[in-house]
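Residue numbers (our numbering), protein chains in the order written: chain B, 111 to 222; chain Z, 111 to 222. What follows is a set of notes on a single structure, which appears directly below.
Number of protein chains: 2
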Amino acid sequence: MTKHRALSEEALRLVAQRFAVLAEPMRLRLIQALFDGEKNVSQLVALTAGTQANISRHLQTLTAAHILGRRKEGLQVYYSVSDPTIPKLCEVVCGAIEKQLARQAKHFESQG
Amino acid sequence: MTKHRALSEEALRLVAQRFAVLAEPMRLRLIQALFDGEKNVSQLVALTAGTQANISRHLQTLTAAHILGRRKEGLQVYYSVSDPTIPKLCEVVCGAIEKQLARQAKHFESQG
DNA sequence: CAACCATATGAGTGTATGCTCATATTTAGT
DNA sequence: ACTAAATATGAGCATACACTCATATGGTTG
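The following block contains the structure:
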């Protein structure tokens, strides 16, 4: 059982860095597009309506963070979500945001 | 049951924004310091060895994101973790990083 | 090898934001 | 009211990084 000891400075940096990788809408869109299986760059470019250069850079960032895996097949490169904690992570955050939006909606109701 | 439908552009922005708030070592340090109960600004400044101005700004960011709660008592302002999903979130990320570091350590072992 | 795909990357630009200094604001005590 | 303490904030600077354009790289086919 790993109990909550104080994280070292270096550990905090790593955790922050991981959150930073997930702090871009385009990267989240890519991750989301890959939830139902691997896709190559062209497919992702089409799905996300981004430029090829930009998508390629984001894929590199996600791969360097060990969030995506890379598989080369001929001319194409296929990416897939390789970190099993990512779905859970997104789920938790989405839940928190839904609750927050619901709360705000309630305020609008009662305060006009 | 909320099944994984594609998130809207706006939802992605919100999720990314939430991750961004957690993507700063100093803010993580503050959150960590608050895991064992509320503390006022002076206490947090002492614990984190940051400047008062900087800590105050980070606390504002975290409060605006509904991650921390604020309670005023006389001259002091007490902050506490108000979002129950935060511990789980940090736990998941820490776990992922531990695994990643373990994998890297193994590579060092076998490749010398 | 030449031409052509799919993907990656160097360079430059604009924007966002973390940090600091100085000062403002709020509240308590005399 | 005056002073002092705790916290917040305006302004400026430096850095990080997302985006784009043009071009490079790697791999396939004729």
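Idealized CB from N, CA, C, for every residue including glycine. Since the structure is predicted, the reported quantities are computational estimates derived from the model, not experimental observations.
Bridge partners of residue i, per DSSP?
i, result
"leucine 178 of chain B", "B:Val191"
"cysteine 186 of chain B", "First, the residue type needs correcting, since residue 186 of chain B is glutamine and not cysteine in the sequence shown. Bridge partners of glutamine 186 of chain B: B:Glu183."
Whole angstroms are fine: how far does the CA of residue j sit from the CA of residue i?
i, j, result
"alanine 116 of chain Z", "arginine 128 of chain Z", "18 angstroms"
"serine 192 of chain Z", "alanine 174 of chain Z", "12 angstroms"
"threonine 85 of chain Z", "leucine 132 of chain Z", "Because residue 85 of chain Z is not part of the residues shown, which for chain Z are 111 to 222, the question remains open."
"leucine 138 of chain Z", "glycine 184 of chain B", "43 angstroms"
"cysteine 204 of chain B", "histidine 176 of chain Z", "14 angstroms"
"glutamine 120 of chain B", "methionine 136 of chain B", "Note that residue 120 of chain B corresponds to glutamate in the displayed sequence, not to glutamine. If I take the Cα positions, the gap works out to 27 angstroms."
"glutamate 134 of chain Z", "leucine 122 of chain B", "8 angstroms"
"alanine 159 of chain B", "valine 125 of chain Z", "19 angstroms"
"methionine 111 of chain Z", "leucine 169 of chain Z", "Below a pLDDT of 50, predicted positions are generally treated as unreliable, and methionine 111 of chain Z, at 49, falls in that range; no measurement from the model is reported."
"arginine 144 of chain Z", "serine 166 of chain Z", "Strictly speaking, residue 144 of chain Z in this sequence is leucine, with arginine absent from that position. Cα-Cα distance, rounded: 14 angstroms."
"leucine 178 of chain B", "serine 118 of chain B", "26 angstroms"
"alanine 215 of chain Z", "glutamate 208 of chain Z", "10 angstroms"
"histidine 217 of chain Z", "glutamine 142 of chain Z", "31 angstroms"
"glutamine 153 of chain Z", "leucine 199 of chain B", "31 angstroms"
"threonine 161 of chain Z", "arginine 180 of chain B", "43 angstroms"
"leucine 140 of chain B", "lysine 182 of chain B", "18 angstroms"
"alanine 130 of chain B", "proline 197 of chain B", "16 angstroms"
"leucine 211 of chain Z", "glutamate 219 of chain B", "48 angstroms"
"leucine 157 of chain Z", "arginine 213 of chain Z", "32 angstroms"
"threonine 171 of chain Z", "alanine 163 of chain B", "32 angstroms"
"alanine 206 of chain Z", "valine 155 of chain Z", "29 angstroms"
"glutamate 201 of chain Z", "valine 202 of chain B", "12 angstroms"
**Message:** Check whether the region 143 to 155 of chain B and the region 186 to 194 of chain B are in contact - that is, three or more C-beta pairs closer than 8 angstroms.
**Reply:** The region 143 to 155 of chain B, when compared against the region 186 to 194 of chain B, does touch it at the 8 angstroms Cβ threshold.
**Message:** Which complete alpha helix (DSSP H) runs does the region 146 to 176 of chain B hold, if anything under 4 residues is left out?
**Reply:** Runs of the alpha helix (DSSP H) lying entirely within the region 146 to 176 of chain B, each at least 4 residues long, are 151 to 158 and 162 to 174 in chain order.
**Message:** At a CB distance below 9 angstroms, what residues from the region 133 to 161 of chain Z approach chain B? Give them in sequence order.
**Reply:** Answer set for the region 133 to 161 of chain Z: Ala133, Glu134, Pro135, Met136, Arg137, Leu138, Arg139, Gln142, Ala143, Phe145 and Asp146.
**Message:** Beta carbons nearer than 7 angstroms to chain Z: which residues of the region 163 to 178 of chain B have them?
**Reply:** Result list: His176.
**Prompt:** Between the region 197 to 212 of chain B and chain Z, which residues of the former have a C-beta closer than 9 angstroms to a C-beta of the latter?
**Reply:** Taking 9 angstroms as the Cβ-Cβ cut-off against chain Z, the residues of the region 197 to 212 of chain B that qualify are Pro197, Lys198, Leu199, Cys200, Glu201, Val202, Val203, Cys204, Gly205, Ala206, Ile207, Glu208, Lys209, Gln210 and Leu211.
**Message:** Residues of the region 179 to 190 of chain Z in Cβ contact with chain B at a cutoff of 7 angstroms, in chain order, please.
**Reply:** Here the close residues number zero.
**Request:** Scan the region 117 to 134 of chain B for residues whose Cβ lies nearer than 8 angstroms to a Cβ of chain Z and list them as they occur along the chain.
**Result:** Cβ contacts with chain Z come from Leu117, Glu119, Ala121, Leu122, Arg123, Leu124, Val125, Ala126, Gln127, Arg128, Phe129, Ala130, Leu132, Ala133 and Glu134.
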